[in-house]
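Student:
2 protein chains.
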Amino acid sequence: MNVTLLRHGATARPGVYAGRLDVPLAAAGRAAMWQATRGLQVQRVVSSPLSRCRLFAEALAERHGWPLTVEPAWREMDFGDWEGRTAAEILAQAPEALEAFWRDPETHAPPGGEGLADLRRRVLAAWERRPRDADLLIITHGGPMRLLFQHLLGLPCESLWRLELHPAARIDFVLDEVGARLTQFDCGKGH
Amino acid sequence: MNVTLLRHGATARPGVYAGRLDVPLAAAGRAAMWQATRGLQVQRVVSSPLSRCRLFAEALAERHGWPLTVEPAWREMDFGDWEGRTAAEILAQAPEALEAFWRDPETHAPPGGEGLADLRRRVLAAWERRPRDADLLIITHGGPMRLLFQHLLGLPCESLWRLELHPAARIDFVLDEVGARLTQFDCGKGH
Numbered sequence: 628m629n630v631t632l633l634r635h636g637a638t639a640r641p642g643v644y645a646g647r648l649d650v651p652l653a654a655a656g657r658a659a660m661w662q663a664t665r666g667l668q669v670q671r672v673v674s675s676p677l678s679r680c681r682l683f684a685e686a687l688a689e690r691h692g693w694p695l696t697v698e699p700a701w702r703e704m705d706f707g708d709w710e711g712r713t714a715a716e717i718l719a720q721a722p723e724a725l726e727a728f729w730r731d732p733e734t735h736a737p738p739g740g741e742g743l744a745d746l747r748r749r750v751l752a753a754w755e756r757r758p759r760d761a762d763l764l765i766i767t768h769g770g771p772m773r774l775l776f777q778h779l780l781g782l783p784c785e786s787l788w789r790l791e792l793h794p795a796a797r798i799d800f801v802l803d804e805v806g807a808r809l810t811q812f813d814c815g816k817g818h
Numbered sequence: 628m629n630v631t632l633l634r635h636g637a638t639a640r641p642g643v644y645a646g647r648l649d650v651p652l653a654a655a656g657r658a659a660m661w662q663a664t665r666g667l668q669v670q671r672v673v674s675s676p677l678s679r680c681r682l683f684a685e686a687l688a689e690r691h692g693w694p695l696t697v698e699p700a701w702r703e704m705d706f707g708d709w710e711g712r713t714a715a716e717i718l719a720q721a722p723e724a725l726e727a728f729w730r731d732p733e734t735h736a737p738p739g740g741e742g743l744a745d746l747r748r749r750v751l752a753a754w755e756r757r758p759r760d761a762d763l764l765i766i767t768h769g770g771p772m773r774l775l776f777q778h779l780l781g782l783p784c785e786s787l788w789r790l791e792l793h794p795a796a797r798i799d800f801v802l803d804e805v806g807a808r809l810t811q812f813d814c815g816k817g818h
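Residue numbers (my numbering), protein chains in the order written: chain P, 628 to 818; chain H, 628 to 818.
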């Protein structure tokens with residue numbers, strides 16, 4: 628069984644922290660998602676409820692006649708006080724929390740936001756209850772994709788950033804009784 | 628700085644264990660290597676001395692005017708008594724050693740062959756003395772590619788098989804002062 632993870636494309640507000648914030652997808656970001664899924668054959672689609680994932684998921688599912696499930700647990704990490712702000716803005720005012728998050732996200736959650744352990748818990752719970760009867764496309768965000776990559780490859784926590792991940796990034800796994808194996812990875816537009 | 632790892636394409640003796648054995652590349656394997664490197668821009672090429680890597684490396688380097696270094700340390704694991712035999716043949720005669728190698732290659736070397744720790748030592752030594760002044764293509768084998776992937780991502784030993792790896796597989800990393808990050812992966816022909 629094959630599972631494809633797709634990150635949403637570039638948004639209309641590039642560079643701002645947006646977790647719960649529902650920033651719209653840019654036209655180029657939508658085009659990049661079409662390109663990243665060209666030739667893809669799956670039987671089911673699961674999407675984050677945020678519009679930058681969901682609207683494309685609806686169009687793709689309709690085009691191919693694939694059933695679509697919108698699953699709130701695949702939304703991005705809640706960045707709390709950082710929502711809608713750029714890293715440069717945060718660094719100018721209070722760099723400590725952001726630098727600590729970059730250095731060690733396991734123990735430094737965004738202020739007023741969600742911890743990495745909480746995000747991991749909801750993403751892995753959503754992974755465990757995924758449809759298992761078909762090849763699957765999951766349209767989601769950078770945080771959930773990093774955590775699932777880490778989980779399926781058995782990466783240690785400190786390797787979370789060893790994946791370059793831009794808008795419209797795509798990760799493909801094959802799953803069988805032995806476990807999950809990485810078959811394709813594309814870091815997306817922006818590299 | 629970018630580093631691309633390329634596995635040789637399919638050989639004329641598919642399915643046999645070949646480490647020190649210099650099995651020739653099949654025509655389709657050579658075509659797959661040209662396809663996997665289409666559009667690639669590097670400034671240097673390093674190749675295993677085995678002909679299934681080296682002959683393509685010479686042709687590619689000549690075509691682009693890239694300097695080529697043939698580096699014995701990038702050759703495949705020496706499979707000892709298994710050289711030239713298929714897994715089915717080995718399993719029919721003496722399955723224990725092969726099954727132990729699949730289960731735990733760290734502590735079960737091929738009989739008369741090379742241990743994984745020895746292979747890791749020579750591959751990581753070759754990695755440390757690689758040319759660092761340019762984007763680099765390294766043309767090598769499955770074993771060295773798995774070990775370097777494991778090393779650069781910080782994977783634990785037991786995750787060695789979490790990478791699906793067929794002939795002409797390609798792995799791309801970007802390297803900077805922060806470390807290595809995976810940018811592209813293609814499991815190659817055969818999936």
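Note that CB positions come from ideal geometry on N, CA and C, so glycine has one too.
Out of curiosity, what's the CA-to-CA distance linking L632 of chain H and F812 of chain P?
Tutor: Cα to Cα, the separation comes out at about 14 Å.
Student: Distance cutoff 8 Å, beta carbons only. Does Q668 of chain H sit that close to anything in chain P?
Tutor: Output row for Q668 of chain H: interface = no.
Student: Spell out whether any CB of chain P is found under 8 Å from the CB atom of Q662 of chain H.
Tutor: No, because no Cβ of chain P sits closer than 8 Å to the Cβ of Q662 of chain H.
Student: Three-state secondary structure (DSSP) at F706 of chain H?
Tutor: Looking at F706 of chain H - three-state DSSP - the assignment turns out to be coil, as it is neither helix nor strand.
Student: Does DSSP put G781 of chain H in a helix, a strand or coil?
Tutor: In the structure shown, G781 of chain H sits in coil (DSSP, three-state: anything other than H, G, I, E or B).
Student: A724 of chain H by DSSP, collapsed to three states: which one?
Tutor: Looking at A724 of chain H - three-state DSSP - the assignment turns out to be helix.
Student: Please tell me whether A653 of chain P and A637 of chain P are closer than 8 Å, where the distance is taken between their beta carbons.
Tutor: Contact: yes.
Student: At a cut of 8 Å, does the stretch 766-774 of chain H reach the stretch 794-813 of chain P through at least three beta carbon pairs?
Tutor: Verdict: no, contact absent.
Student: For the candidate residues H:R702, H:M704, H:L725, whose alpha-carbon lies nearest to that of T713 of chain H?
Tutor: Out of H:R702, H:M704, H:L725, H:L725 has the C-alpha closest to the C-alpha of T713 of chain H.
Student: Can the beta-carbon of F706 of chain P be found less than 8 Å from the beta-carbon of G740 of chain P?
Tutor: The answer is yes: Cβ separation under 8 Å.
Student: So if DSSP puts G739 of chain H in a beta bridge, which residue, or which two residues, is it bridged to?
Tutor: DSSP, once it has assigned bridges, lists no residue as partnering G739 of chain H.
Student: For a cutoff of 8 Å on Cβ pairs, would you count T631 of chain H as touching chain P?
Tutor: No, because no Cβ of chain P sits closer than 8 Å to the Cβ of T631 of chain H.
Student: Can you check whether the C-beta of F728 of chain H is within less than 8 Å of a C-beta belonging to chain P?
Tutor: No, F728 of chain H lies away from the interface with chain P (no Cβ there is under 8 Å from its Cβ).
Student: Does the Cβ of L746 of chain H have 16 or more other Cβ atoms within 10 Å, making it buried, or fewer, making it exposed?
Tutor: The residue is buried, with at least 16 neighbouring Cβ atoms inside 10 Å.
Student: Please classify A753 of chain H as buried or exposed, where buried requires at least 16 other C-beta atoms within 10 Å of its C-beta.
Tutor: Result: buried.
Student: For L764 of chain P and R679 of chain P, I'd like the C-alpha separation in whole angstroms.
Tutor: Straight-line Cα distance between these residues: approximately 15 Å.
Student: Using a Cβ-Cβ cut-off of less than 8 Å, give me the residues of the stretch 785-799 of chain P that come near chain H, in sequence order.
Tutor: Listed by position along the chain: E785, S786, W788, R789, L790, E791.
Student: Count the other CB atoms, across all protein chains shown, that sit within 10 Å of the CB of P722 of chain P; report buried if there are 16 or more and exposed otherwise.
Tutor: It counts as exposed.
Student: Can you tell me whether L633 of chain H is helix, strand or coil according to DSSP?
Tutor: Of the three classes helix, strand and coil, the one that applies to L633 of chain H here is strand, per DSSP.
Student: With a threshold of 8 Å between beta-carbons, can G656 of chain P be considered close to chain H, or not?
Tutor: No, G656 of chain P does not count as interfacial toward chain H.
Student: Quick one: what's R797 of chain H bridged to in DSSP?
Tutor: Note: R797 of chain H sits in a beta bridge opposite H:L633, H:D813.
Student: Based on the DSSP output, what are the partners of R808 of chain P in its beta bridges?
Tutor: Paired residues: P:V801.
Student: Taking its Cβ as the centre, do 16 or more other Cβ atoms sit within 10 Å of P737 of chain H, making it buried, or is it exposed?
Tutor: The residue is buried, with at least 16 neighbouring Cβ atoms inside 10 Å.
Student: Candidates H:P758, H:A688, H:S786: which alpha carbon is nearest E733 of chain H's?
Tutor: Nearest of H:P758, H:A688, H:S786 to E733 of chain H, Cα basis: H:S786.
Student: How would you label L718 of chain P, buried or exposed, when you count the other beta carbons within 10 angstroms and need 16 or more for buried?
Tutor: Exposed, since its Cβ has fewer than 16 Cβ neighbours within 10 Å.
Student: Measure the beta-carbon distance from L695 of chain H to S674 of chain H and round it to whole angstroms, keeping in mind my assumption that it falls under 8 Å.
Tutor: That pair is a contact at about 6 Å.
Student: Would you call the CB atoms of V672 of chain P and I798 of chain P closer than 8 Å?
Tutor: Not in contact: V672 of chain P and I798 of chain P (Cβ atoms no closer than 8 Å).
Student: Quick check on this structure: which residue in H:D731, H:A686, H:H691 has the alpha carbon closest to the alpha carbon of A658 of chain H?
Tutor: Taking only the C-alpha atoms, the option nearest A658 of chain H is H:A686.
Student: Quick check on the DSSP output: the beta strand (DSSP E) that includes R671 of chain H runs from which residue to which?
Tutor: Residues 671-674.
Student: Using alpha carbons as the reference points, say which of P:A795, P:T810, P:F683 lies closest to K816 of chain P.
Tutor: Nearest option by C-alpha distance: P:A795.
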